[in-house]
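Student: This is the structure, below, for whatever I ask next.
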Amino acid sequence: MGNPKNIIFNYFLRNAQSAAPPLGLEIVPTPIENAEEIEQSITAFSRSPNGGLLIVPDQTIFVHRDLVIKLTATRHLAAVYPLRSFVTAGGLMSYGVDVNNIFELAAAYVDRILRGEKPANLPVQAPTKYQTVINVKTAKTLGIEIPASLLVRADEVIE
């Protein structure tokens, strides 16, 4: 679920569609652009058995974070969010870039620029560190048992 006007939506969709068949998963693209579409989409999706949401990181989702978390909880849907902040606010699980690492990379760039390097000469950076965060309390509320193997691999488990 994400905003199709954001180029990242198609990137996530293509990757999910290529990864799904070997896992026996069906991908249902869920484009949204506002709070009303978020509510309609989550409500409609919750009627399908054994479903879950992969939330694409974009501004629409960030602006309506609390609504998305509330609706997935009340509709008993598992959801994987793009950032840790969704999980600390009550979401089930996140897998995404480590925001602190992004800030560290940015700080190193600022340091290099302040020391005289030209920004145009600096290499393009991409995230190199990702993190998995799981909210066990939310999992219990949803009736989901998180496998121990996933819990031990998580970077953070919120009780």
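Under the working numbering, the residue at position 94 of the sequence shown is numbered 80, and the numbers go up by one with no gaps. In this text, a Cβ means the ideal position worked out from N, Cα and C, and glycines have one as well.
Kindly list the residues whose CB is nearer than 8 Å to the CB of leucine 39, restricted to its own chain and excluding five residues on each side of it in sequence; keep chain order.
Tutor: So the qualifying residues of the chain are Met(-13), Thr16, Ile28, Phe31, Thr58, Leu63, Ala64, Ala65, Val66.
Student: Should valine 96 be labelled buried (16 or more other beta-carbon atoms within 10 Å of its own) or exposed?
Tutor: The residue is exposed, with fewer than 16 neighbouring Cβ atoms inside 10 Å.
Student: How many angstroms separate the CA atom of glutamine 26 from the CA atom of asparagine 107?
Tutor: Near 47 Å, if we compare the C-alpha coordinates of asparagine 107 and glutamine 26.
Student: Return the residue from the list Gly129, Leu136, Ala125, Ser135 that minimises the CA-CA distance to glutamate 207.
Tutor: In this structure the chain extends from -13 to 145, so residue 207 is not present and cannot be described.
Student: Starting from valine 138, trace the alpha helix (DSSP H) in both directions and tell me its first and last residue.
Tutor: From DSSP, the alpha helix (DSSP H) with valine 138 extends over 134 to 139.
Student: Within a Cβ cutoff of 6 Å, which residues of the same chain sit near methionine 79, ignoring the five residues on either side of it in sequence?
Tutor: Same-chain partners within the cutoff: Val66, Ile120.
Student: If you draw a straight line from the C-alpha of asparagine -11 to the C-alpha of leucine 11, how long is it?
Tutor: If you take the alpha carbons of asparagine -11 and leucine 11, they lie about 22 Å apart.
Student: What do you get for threonine 44, buried or exposed, if any count of 16 or more other CB atoms within 10 angstroms of its CB means buried?
Tutor: One detail in the question is off: residue 44 reads as aspartate in this sequence, not threonine. By the 10 Å Cβ count, aspartate 44 comes out buried.
Student: Using 8 Å as the Cβ pair cut-off and three pairs as the minimum, do the region 85 to 93 and the region 125 to 137 touch?
Tutor: Flag = no, the region 85 to 93 and the region 125 to 137 do not touch.
Student: Within the continuous beta strand (DSSP E) that includes asparagine 87, where are the two ends?
Tutor: First-last for asparagine 87: 85 to 100, but that is the alpha helix (DSSP H), not the beta strand (DSSP E).
Student: So, using beta-carbon positions, are valine 83 and tyrosine 116 closer together than 8 Å?
Tutor: The answer is yes: Cβ separation under 8 Å.
Student: Please return the same chain residues whose Cβ sits closer than 7 Å to the Cβ of isoleucine 55, not counting the five positions on each side in sequence.
Tutor: Excluding positions up to five away in sequence, the list reads Phe72, Ala75, Gly76, Gly77.
Student: Please report how far the alpha carbon of arginine 98 lies from the alpha carbon of glutamine 111, in whole angstroms.
Tutor: Straight-line Cα distance between these residues: approximately 14 Å.
Student: Which term fits isoleucine -7, buried or exposed, when burial requires 16 or more other beta carbons within 10 angstroms of its beta carbon?
Tutor: Answer is exposed; the Cβ neighbour count stays below 16.
Student: Look up serine 34 in the DSSP assignment and say whether it is helix, strand or coil.
Tutor: If DSSP states are grouped into helix, strand and coil, serine 34 belongs with coil.
Student: Since valine 54 is in the alpha helix (DSSP H), which residue starts that stretch and which ends it?
Tutor: That run of the alpha helix (DSSP H) goes 51 to 60.
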